[in-house]
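Residue numbers (the UniProt record's numbering): 1 to 338.
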Amino acid sequence: MSATMRDVARLAGVSVKTVSNVVNDFPHVSVATRTRVLAAITELGYQMNFSARNLSRGRTGMIALAVPRLRLPYFAELTDEVIVAAEARGYTVLVEQTGGVHERELEVLGSDRRRMTDGLIFSPLGLRPGDAPRLEVGYPLVLLGERALHGEVHHVSMANVAGARSVAEHLIARGRRRIALVGSYDERGAGAGSLRTQGFLSALHAAGLEHDPARTGETLEWTRATGAEAMRALLDRGVEIDAVFGLNDALALGAMRVLFERGLRVPDDVAVAGFDDIEDGRFARPSLTTVHPGRAEIAGAAVALLMDRLSGAPQRPAGEEVVVPHRLIVRESSGQGH
Numbered sequence: 001m002s003a004t005m006r007d008v009a010r011l012a013g014v015s016v017k018t019v020s021n022v023v024n025d026f027p028h029v030s031v032a033t034r035t036r037v038l039a040a041i042t043e044l045g046y047q048m049n050f051s052a053r054n055l056s057r058g059r060t061g062m063i064a065l066a067v068p069r070l071r072l073p074y075f076a077e078l079t080d081e082v083i084v085a086a087e088a089r090g091y092t093v094l095v096e097q098t099g100g101v102h103e104r105e106l107e108v109l110g111s112d113r114r115r116m117t118d119g120l121i122f123s124p125l126g127l128r129p130g131d132a133p134r135l136e137v138g139y140p141l142v143l144l145g146e147r148a149l150h151g152e153v154h155h156v157s158m159a160n161v162a163g164a165r166s167v168a169e170h171l172i173a174r175g176r177r178r179i180a181l182v183g184s185y186d187e188r189g190a191g192a193g194s195l196r197t198q199g200f201l202s203a204l205h206a207a208g209l210e211h212d213p214a215r216t217g218e219t220l221e222w223t224r225a226t227g228a229e230a231m232r233a234l235l236d237r238g239v240e241i242d243a244v245f246g247l248n249d250a251l252a253l254g255a256m257r258v259l260f261e262r263g264l265r266v267p268d269d270v271a272v273a274g275f276d277d278i279e280d281g282r283f284a285r286p287s288l289t290t291v292h293p294g295r296a297e298i299a300g301a302a303v304a305l306l307m308d309r310l311s312g313a314p315q316r317p318a319g320e321e322v323v324v325p326h327r328l329i330v331r332e333s334s335g336q337g338h
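1) With distances taken Cα to Cα, identify the nearest neighbour of Leu288 among Ser334, Val322, Pro317, Ala301.
2) Taking only the alpha-carbon atoms, compute the straight-line gap between Gly138 and Phe245 and give it to the nearest angstrom.
3) Excluding the 5 residues preceding and the 5 following Ser166 in the sequence, name in chain order all residues of the same chain whose CB lies nearer than 6 Å to its CB.
4) Looking only at its own chain, which residues have a Cβ that is under 6 Å from the Cβ of His102, when we skip the five neighbours before and after it?
5) Since Gln97 is in the beta strand (DSSP E), which residue starts that stretch and which ends it?
6) Taking Cβ positions, are Ala299 and Arg176 nearer each other than 9 Å?
7) With a floor of 4 residues, list each alpha helix (DSSP H) that falls wholly inside the stretch 107-173, ordered by position along the chain.
8) Assuming contact is defined by CB atoms lying nearer than 9 Å, are Ile121 and Leu65 in contact in what I supplied?
9) Assuming residue 373 and Gly274 form a contact by the criterion Cβ under 8 Å, report the distance between their Cβ atoms to the nearest whole angstrom.
10) Looking at the structure shown, is Val14 part of a helix, part of a strand, or coil, going by DSSP?
11) Which value, in whole angstroms, describes the spacing of the CA atoms of Arg6 and Arg36?
12) To which residues of the same chain is Leu195 closer than 8 Å at the C-beta, ignoring the five residues directly before and after it?
13) Between which two residues does the beta strand (DSSP E) holding Val323 run?
14) Across which residues does DSSP place Leu181 in a beta bridge pair?
15) Between which two residues does the beta strand (DSSP E) carrying Leu204 extend?
16) Thinking C-beta only, is Ala203 closer than 9 Å to Ala255?
17) Less than 6 Å between C-beta atoms, sequence neighbours within five positions excluded: which residues of the same chain meet that for Val29?
18) Could you check what DSSP says for Ile41 in three-state terms: helix, strand or coil?
19) Mapping the DSSP letters down to three states, classify Ala88 as helix, strand or coil.
20) Just verifying my parser: in three-state terms, what is the DSSP assignment at Thr226?
21) Check for me: the beta strand (DSSP E) holding Leu328 runs from which residue to which?
22) From the DSSP output, in three-state form, read off Ala3 for me.
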């Protein structure tokens, strides 16, 4: 038989109401009493009925997560982290895929499906600065990604500029001077490509180096296949390179495959690095140097911001942005241990 709230109350020597107050995080419970109740819950293996609790609060017990494409490893792994963080709070996650299409992203914001969920964590790619008023919705909303949309919505982002700068600094410290950049970006934009390129170029400038535009392998899609295509185009043009920075890991892995096809040794002839620290990079041969963007921290911060809104906690400043720290992961593809 599974333990009940009454069993917990009996073991802890308190009333059922007190146990209810503890499991619902009500503030007016002494530390000693709360500790005793939590110890009883652990000893008995009591499982809280989150569904009943959410219904009593007029909630569905579900939150939504909208991402561009689940086939992109970064978003697949981010989704997993959001699900883990939400489940720890007793919430189920409804996942939606937008394709990064402008109209689809607007539809997600205004969909009747929002009535089925208590809030939305949203990673947009297609929204434009003029769409900022559309973010003024009547439900808890947290944005992920780059701060391209200014407004009063809470935002969680990664350290794109600093992370890319650390990659470039690492490659330069390894003696690389002819570094190719694989990926696309808008020089006037604030998307991931633009921000990572800013960091990359700033590191080159600080080292007294210039980036030759001929060493940019442009591609709109950030996949292994497009990374490979961009790398082939660079090599076919006879561009001399001694390193490659892919604006994400998928691009870097595609580029690395082509380097092997052309008989170039990684990292001896050409060092390779990416960004995102997806699982595939750890098991590639050679393993991929990359930037760990703090996926678990991003997911945890986004869920926490949403839960704060749902719990009625004191409101954070409107438009607050949480930037998660990055970490450079040096592996074999750039000469680990050399």
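A virtual CB, placed ideally from N, CA and C, is assigned to each residue, including glycine. Source: prediction; values computed, not measured.
Looking at the atomic coordinates:
1) Taking the sequence shown and counting its residues from 1, one reaches residue 288 at position 288. The candidate whose alpha carbon is nearest that of Leu288 is Ser334.
2) Numbered from 1 along the sequence shown, position 138 holds the residue referred to as residue 138. Numbered from 1 along the sequence shown, position 245 holds the residue referred to as residue 245. Spanning the two alpha carbons is a distance of roughly 41 Å.
3) Here residue 166 is taken as the residue at index 166 of the sequence shown, counted from 1. Once the five neighbours on either side are set aside, the close Cβ partners of Ser166 are Leu328.
4) Taking the sequence shown and counting its residues from 1, the one referred to as residue 102 is at position 102. The answer, listed in chain order, is Gly126.
5) Taking the sequence shown and counting its residues from 1, one reaches residue 97 at position 97. The continuous beta strand (DSSP E) containing Gln97 extends over residues 92-97.
6) The count along the sequence shown starts at 1 and reaches residue 299 at position 299. The count along the sequence shown starts at 1 and reaches residue 176 at position 176. No, Cβ-Cβ distance for Ala299 and Arg176 is not below 9 Å.
7) 160-173
8) In the sequence shown, the residue the question calls residue 121 occupies position 121. In the sequence shown, the residue the question calls residue 65 occupies position 65. Result yes, Cβ atoms of Ile121 and Leu65 sit closer than 9 Å.
9) Summary: the structure shown does not reach residue 373, with the chain confined to residues 1 through 338, and so no result is reported for it.
10) As a position in the sequence shown, residue 14 is number 14, starting the count at 1. Val14: coil per DSSP, three-state reduction.
11) For the purposes of this step, residue 6 is taken as residue 6 along the sequence shown, with counting starting at 1. For the purposes of this step, residue 36 is taken as residue 36 along the sequence shown, with counting starting at 1. Cα-Cα distance, rounded: 14 Å.
12) Looking up residue 195 in the sequence shown gives position 195. These residues qualify, in order along the chain: Glu146, Asn160, Val161, Ala164.
13) Translated into the one-based positions of the sequence shown, residue 323 becomes position 323. Taken as a continuous stretch (DSSP letters only), the beta strand (DSSP E) holding Val323 covers 321-324.
14) On the sequence shown, position 181 is the one that residue 181 refers to. Note: Leu181 sits in a beta bridge opposite Thr216, Phe245.
15) Counting from one through the sequence shown, the residue named residue 204 turns up at place 204. Run containing Leu204: none in the beta strand (DSSP E); it sits in the alpha helix (DSSP H), 192-206.
16) Along the sequence shown, one-based indexing puts residue 255 at 255. Along the sequence shown, one-based indexing puts residue 203 at 203. In this structure, Ala255 lies away from Ala203, with their beta-carbon atoms at least 9 Å apart.
17) For the purposes of this step, residue 29 is taken as the residue at position 29 of the sequence shown. Same-chain partners within the cutoff: Asn21, Val22.
18) Mapped onto the sequence shown, residue 41 falls at position 41. Reduced to three states, the DSSP call for Ile41 is helix.
19) As a first step, residue 88 is located in the sequence shown; it is residue number 88 there, counting from the start. Three-state DSSP puts Ala88 in coil, outside helix and strand.
20) Mapped onto the sequence shown, residue 226 falls at position 226. In the structure shown, Thr226 sits in a helix (DSSP, three-state: H, G or I).
21) Here residue 328 is taken as the residue at index 328 of the sequence shown, counted from 1. Run containing Leu328: 327-329, per the beta strand (DSSP E) assignment.
22) For the purposes of this step, residue 3 is taken as the residue at position 3 of the sequence shown. Here Ala3 sits in coil by DSSP.
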